[in-house]
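*Asks:*
Number of protein chains: 2
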Amino acid sequence: MTRPAPFHLPHFLPYLLNQAAEAASQGFQEYYRTRYGMLRTEWRVLFHLGCYGTLSAKEICEKAAIHKTKVSRAVAALENKRLLTRGALAEDRRVEQLDLTAKGQAVFEDLSAAAERFEAELVDGLAPDDLDRLRDNLLHLANLRTGPR
Amino acid sequence: MTRPAPFHLPHFLPYLLNQAAEAASQGFQEYYRTRYGMLRTEWRVLFHLGCYGTLSAKEICEKAAIHKTKVSRAVAALENKRLLTRGALAEDRRVEQLDLTAKGQAVFEDLSAAAERFEAELVDGLAPDDLDRLRDNLLHLANLRTGPR
DNA sequence: TATTGTTATACTCTATAACTATA
DNA sequence: TATAGTTATAGAGTATAACAATA
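So the protein sequences, as listed, match chains A and B.
Residues 40 to 188 in my numbering are what the first sequence spells out, letter by letter.
Residues 40 to 188 in my numbering are what the second sequence spells out, letter by letter.
(1) Does DSSP put G76 of chain B in a helix, a strand or coil?
(2) For R174 of chain B, decide whether its Cβ has a neighbour in chain A, counting only Cβ atoms nearer than 8 Å.
(3) Is P187 of chain B helix, strand or coil when you go by DSSP?
(4) Pair every Cβ in the stretch 65–83 of chain A with every Cβ in the stretch 69–84 of chain B, then say whether three or more of these pairs are closer than 8 Å.
(5) Which residue's Cα is closest to the Cα of E118 of chain B: B:I99, B:E101, B:K142, B:R133?
(6) Any beta carbon of chain A sitting closer than 8 Å to that of D171 of chain B?
(7) Are the stretch 91–105 of chain A and the stretch 145–154 of chain A touching, with three or more C-beta to C-beta distances below 8 Å?
(8) As an exercise, report each continuous alpha helix (DSSP H) stretch of at least 4 residues that is fully enclosed by the stretch 133–177 of chain A, in chain order.
(9) Rounded to whole angstroms, what is the Cα-Cα separation between V134 of chain B and L94 of chain A?
(10) Does the distance from the C-beta atom of R172 of chain B to that of D163 of chain A stay below 8 Å?
(11) Starting from the beta carbon of N57 of chain A, find every residue of chain B whose beta carbon is closer than 8 Å, and list them in chain order.
(12) Here's a check: name, in chain order, each residue in its chain whose Cβ is nearer than 8 Å to the Cβ of E160 of chain B, leaving out the five neighbours to either side.
(13) For N176 of chain A and Q136 of chain A, I'd like the C-alpha separation in whole angstroms.
(14) Can you say whether A181 of chain B is buried or exposed, counting buried as having 16 or more other CB atoms within 10 angstroms of its CB?
(15) So R174 of chain A packs on H50 of chain B, CB below 8 Å; how close in whole Å?
(16) Check whether the Cβ atoms of L123 of chain B and L88 of chain B lie closer than 8 Å to each other.
(17) Would you please state the rounded distance, in angstroms, between the beta carbons of A129 of chain A and S111 of chain A? I believe it to be under 8 Å.
(18) Suppose contacts are defined by Cβ-Cβ distances below 8 Å. Is L56 of chain A in contact with A60 of chain B by that definition?
(19) Which residues, taken in chain order from the stretch 86–100 of chain A, show a beta carbon closer than 8 Å to some beta carbon of chain B?
(20) Select from A:F46, A:C90, A:A44 the residue whose C-alpha is nearest the C-alpha of A44 of chain B.
(21) For L85 of chain A, collect the residues of the same chain with a Cβ closer than 8 Å to its Cβ; drop the 5 residues on either side in sequence, then sort them by chain order.
(22) From the DSSP secondary-structure annotation, give me the bridge partner or partners of A62 of chain B.
(23) Between the Cα of Q58 of chain B and the Cα atoms of A:G126, A:R125, A:F46, A:T80, which residue gives the shortest distance?
(24) Can A154 of chain A and F46 of chain B be called in contact, C-beta distance under 8 Å?
(25) Do we get a CB-CB distance below 8 Å when we pair L48 of chain B with the residues of chain A?
(26) Helix, strand or coil: how does DSSP classify A113 of chain A here?
(27) Taking only the alpha-carbon atoms, compute the straight-line gap between I99 of chain B and G126 of chain B and give it to the nearest angstrom.
(28) Does the beta carbon of F51 of chain A sit closer than 8 Å to a beta carbon anywhere in chain B?
(29) Just the Cα atoms here: how many angstroms apart are F157 of chain B and W82 of chain A?
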């Protein structure tokens with residue numbers, strides 16, 4: 040009688056990645072939620088503008104692999120909080136140029152400093168060499184599929 | 040004038056982990072959803088019973104770090120699909136022993152074979168040595184926090 | 001009183017289709 | 001016709017509190 044090789048759940052990459060992602064996001068999530076009442080897509084949009092400067096919604100969609108409906112709602116929420124402004128683009132009036140306000144910039148700076156602190160905690164137990172490889176490998180996995188989100 | 044070090048979003052571990060986890064889960068998720076109409080917590084519960092044998096709901100909660108309300112609903116769904124049975128425990132009648140039915144076992148075997156195939160695709164571009172380290176590092180990150188879920 | 005498990009509820013997240021306006 | 005962005009809606013995921021039954 041043949042028995043199938045036993046499946047070892049804790050080694051299954053999609054499972055392991057989800058557990059690690061949830062654990063790693065926890066602290067930062069609580070920070071931006073309680074401190075600024077922001078949701079996940081909101082901080083992501085804010086960080087894209089903070090890191091890359093002026094962008095259109097579509098450019099954020101492409102860079103972050105987030106669906107346009109999610110970006111649209113996040114932009115509206117950030118606008119209500121006075122963290123960004125929309126500017127018209129003369130050449131193409133369908134496009135809106137998004138920019139952080141001074142307040143948005145300040146929030147970005149606080150959040151990115153917090154992000155650095157959380158990350159420092161996370162990588163505390165990892166060898167620097169491991170960390171580089173980890174990032175490379177995660178990036179490789181993330182890019183295996185580039186679909187709508 | 041001092042400028043803060045620029046924050047590099049694609050290197051931020053919680054972000055990178057989430058992108059990788061989503062991309063990696065995609066294929067398998069579609070498989071168990073379209074083929075068996077199962078949800079995320081359902082396959083996780085099924086796999087715990089398939090991998091470890093008879094368990095109580097509480098034991099699944101602890102092993103998988105899933106909140107008891109989610110496990111409760113997943114167990115009810117799997118029971119409706121005739122994939123598991125509940126048995127009373129004589130010593131403590133609050134506890135229910137959960138076991139896969141023959142059908143549940145068959146589904147587990149099909150899904151775990153599918154999981155192996157998806158994982159093989161994922162790790163295709165990784166050096167075997169990298170993969171071991173990756174698993175170790177992910178496990179380390181996942182265990183930094185063990186909270187309710 | 002504490003524990004196992006269920007139910008109710010609300011909020012966040014995701015996915016899709018239909019829409020407006022501009023091109 | 002196609003593109004940028006919005007709105008509506010439903011389904012999935014998460015979190016919490018209140019509850020029943022048993023210990």
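A virtual CB, placed ideally from N, CA and C, is assigned to each residue, including glycine.
Values in this document were obtained by computation on a predicted structure and should not be read as measured data.
*Replies:* Put simply:
(1) coil
(2) Under the Cβ distance rule, R174 of chain B counts among the residues neighbouring chain A, one pair being separated by less than 8 Å.
(3) Confidence at P187 of chain B is low in this model, with a pLDDT of 37, below 50, so its placement is unreliable and the value that follows should be read with caution. Residue state, collapsed to three classes: coil.
(4) As far as the Cβ criterion goes, the stretch 65–83 of chain A does not touch the stretch 69–84 of chain B, which means the pair count is below three.
(5) B:K142
(6) With a threshold of 8 Å between beta carbons, D171 of chain B makes no contact with chain A.
(7) no
(8) Restricted to the stretch 133–177 of chain A, the alpha helix (DSSP H) segments that are unbroken, complete and at least 4 residues in length are 141–161, listed in chain order.
(9) 55 Å
(10) no
(11) A60, S64
(12) Apart from the 5 residues on each side of it in sequence, E160 of chain B sits with its Cβ closer than 8 Å to the Cβ of G66 in its chain, given in chain order.
(13) N176 of chain A and Q136 of chain A have their alpha carbons spaced roughly 34 Å apart.
(14) buried
(15) So it is a contact: roughly 6 Å between Cβ atoms.
(16) yes
(17) With 8 Å as the limit, A129 of chain A and S111 of chain A do not qualify as a contact, their Cβ atoms being about 22 Å apart.
(18) yes
(19) Listed in sequence order: F86, H87, G89, C90.
(20) A:C90
(21) M77, L117, L122, L123, L139, G143, V146, F147, L150
(22) DSSP, once it has assigned bridges, lists no residue as partnering A62 of chain B.
(23) Nearest C-alpha to Q58 of chain B: A:T80.
(24) yes
(25) Residue-level contact by beta carbon holds for L48 of chain B and chain A, with a gap shorter than 8 Å.
(26) helix
(27) 15 Å
(28) Yes, contact with chain B.
(29) 31 Å
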